[in-house]
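The numbering used here runs 4 ahead of the 1-based position in the first sequence. From the three backbone atoms N, C-alpha and C, an ideal C-beta is built for every residue, glycine too. What you are looking at is a predicted structure, and each value in this text was computed from that prediction instead of being measured. What follows is a set of notes on a single structure, which appears directly below.
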Amino acid sequence: MILIPTPQEFSYKELIKFLSRNEKECLHRIKDDTIYKVLEIENELVLFSVSFDNGLVVRIHTENQSPFVNDIIKNYIEDWFDLTADLKSFYEIARQDTILHQLCQKYHGLRMVGMPNLFESLIWSVIGQQINLNFAYSLKQRLVQSFGKSITFEGQTFYALPTPETLACLQIEDFRPYQFSKGKAQYIINISKAFAEGTISQQNLSLLSYDEIKQQLTAIKGVGNWTANYSMMKSLKSYDAFPVEDVGLHNAIKNQYGLEAKPTIADLHQMSTQWIGWRGYATFYFWHSLLG
DNA sequence: TACCAGGATGTTG
DNA sequence: CAACATCATGGT
């Protein structure tokens, strides 16, 4: 068992709400407010669970060979739930914007739920491009269940994210039975090859500036401005990365500000000047508002 | 039925 | 450089 202390501003309730947002989510599972997830570490699967009891309580349910498993899982969780961000600074900035300030009070302690694995966020955002989220979750489920490794624990099957090496070997036709468009299939292959061949490396990117990272990501065919910013905020702790084209953001802004129509891109650039430094975090809070 | 979904790319004017 | 067509399918 591993205990991870939580910072002062931390809401497990809002975390669970966000993680529970879609029933088809297949890369983690929630049962009785306990979170289950599988990671592939050094070619073996590790199943762990997280619950809350005056801090995060982590249990590892597999017997693994690697001596580093505990540390890797601990770091993963701190990254996944963004336990180190200085939320006070975000809340201070947000006070300038009445609507955002209200969301910060309503969801106090909500931390950005990230994707510690950059490959995962890129694949997920390509899947989500231009289609409704429910369909996107169906596509993700088919991809993960078809090409990801799995283990069974207490009668339930848990899936790990397919590796870049696995997906890089596929052809466009391999995706067609799962209702991926040719474009999405090609984009996923492109991203997988970039990781498998080492053209893109999360470790290398993490050392670069915002502009340099974005340039490298958008060099991959299929990764545009929205995808690059989405992945940077979810995987690379770019709290100011701003996926301004995001339809979910547009809807949330329209709802929260009581607008007649969805804001334009220009409107959003204007509004977001109030959130500079934390535009990604602000976006995450607006997304969360869609859940109620 | 037409239009929109957590967009990106390639082509056209 | 801006405007448009295309992608594929589920929902409204």
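Give the secondary structure of residue i by DSSP, where H, G and I count as helix, E and B as strand, and everything else as coil.
| i | result |
| --- | --- |
| Leu51 | strand |
| Ser70 | coil |
| Ser154 | strand |
| Arg180 | helix |
| Thr167 | coil |
| Thr102 | helix |
| Ile224 | coil |
| Ile8 | strand |
| Phe162 | strand |
| Phe56 | strand |
| Val248 | coil |
| Tyr289 | helix |
| Trp2 | No statement about residue 2 is possible, as the shown extent of the chain runs from 5 to 296 and does not include it. |
| Glu216 | helix |
| Trp282 | coil |
| Asp90 | coil |
| Val148 | helix |
What does the alpha-carbon distance come out to for the pair residue i and residue j?
| i | j | result |
| --- | --- | --- |
| Tyr6 | Ile176 | Correcting the residue identity first, residue 6 is Ile in this sequence and not Tyr. Answer to the nearest angstrom: the Cα atoms are 42 angstroms apart. |
| Phe72 | Ser235 | 26 angstroms |
| Arg33 | Val42 | 10 angstroms |
| Ala164 | His273 | 37 angstroms |
| Gly187 | Pro9 | 44 angstroms |
| Ile45 | Ile131 | 24 angstroms |
| Leu240 | Glu264 | 35 angstroms |
| Gln145 | Glu29 | 7 angstroms |
| Gln134 | Ser185 | 11 angstroms |
| Leu126 | Tyr261 | 30 angstroms |
| Leu107 | Tyr191 | 35 angstroms |
| Tyr111 | Glu18 | 7 angstroms |
| Ser55 | Met116 | 18 angstroms |
| Arg283 | Tyr243 | 7 angstroms |
| Pro168 | Ser129 | 15 angstroms |
| Ile155 | Asn121 | 20 angstroms |
| Ala189 | Phe22 | 28 angstroms |
| Thr231 | Ala223 | 12 angstroms |
| Ser53 | Tyr40 | 4 angstroms |
| Ser15 | Glu158 | 28 angstroms |
| Leu2 | Arg25 | The structure shown does not extend to residue 2, since the chain spans only 5 to 296, so no value can be given for it. |
| Trp279 | Leu91 | 13 angstroms |
| Ile193 | Ala172 | 5 angstroms |
| Glu216 | Gln160 | 42 angstroms |
Terminal residues of the continuous alpha helix (DSSP H) containing residue i?
| i | result |
| --- | --- |
| Glu44 | Here Glu44 belongs to no alpha helix (DSSP H); instead the beta strand (DSSP E) covers Thr38 to Ile45. |
| Arg25 | Unbroken run through Arg25: none, as it is neither H nor E. |
| Ile135 | Looking at the DSSP string, Ile135 is not in any alpha helix (DSSP H), and its letter there is neither H nor E. |
| Gln278 | Note, Gln278: premise wrong, no alpha helix (DSSP H); not H, not E. |
| Ile195 | Lys186 to Ala200 |
| Leu60 | That residue, Leu60, is in no alpha helix (DSSP H); its beta strand (DSSP E) goes Leu60 to Ile64. |
| Lys238 | Asn229 to Ser239 |
| Gln207 | Gln206 to Leu209 |
Under a Cβ-count criterion, where at least 16 other Cβ atoms within 10 Å of its own Cβ denotes burial, should residue i be classed as buried or exposed?
| i | result |
| --- | --- |
| Lys238 | buried |
| Phe139 | exposed |
| Ile81 | buried |
| Asp86 | buried |
| Ala245 | buried |
| Phe179 | buried |
| Thr277 | exposed |
| Gly202 | exposed |
| Glu124 | buried |
| Gly281 | exposed |
| Ser93 | exposed |
| Asn233 | buried |
Which whole-angstrom value describes the C-beta separation of residue i and residue j, a residue pair presumed to lie in contact below a C-beta threshold of 8 angstroms?
| i | j | result |
| --- | --- | --- |
| Ile269 | Val251 | Contact doesn't hold; Cβ gap of about 12 angstroms is too wide. |
| Ala98 | Ala286 | 7 angstroms |
| Ile204 | Gly226 | No, Ile204 and Gly226 are not in contact; Cβ-Cβ is about 12 angstroms, not under 8 angstroms. |
| Tyr51 | His65 | Residue identity differs from the one stated: residue 51 is Leu in this sequence, not Tyr. Contact flag correct, Cβ pair sits at about 4 angstroms. |
| Leu147 | Tyr182 | 7 angstroms |
Output the boundary residues of the beta strand (DSSP E) element that contains residue i.
| i | result |
| --- | --- |
| Arg33 | Arg33 to Lys35 |
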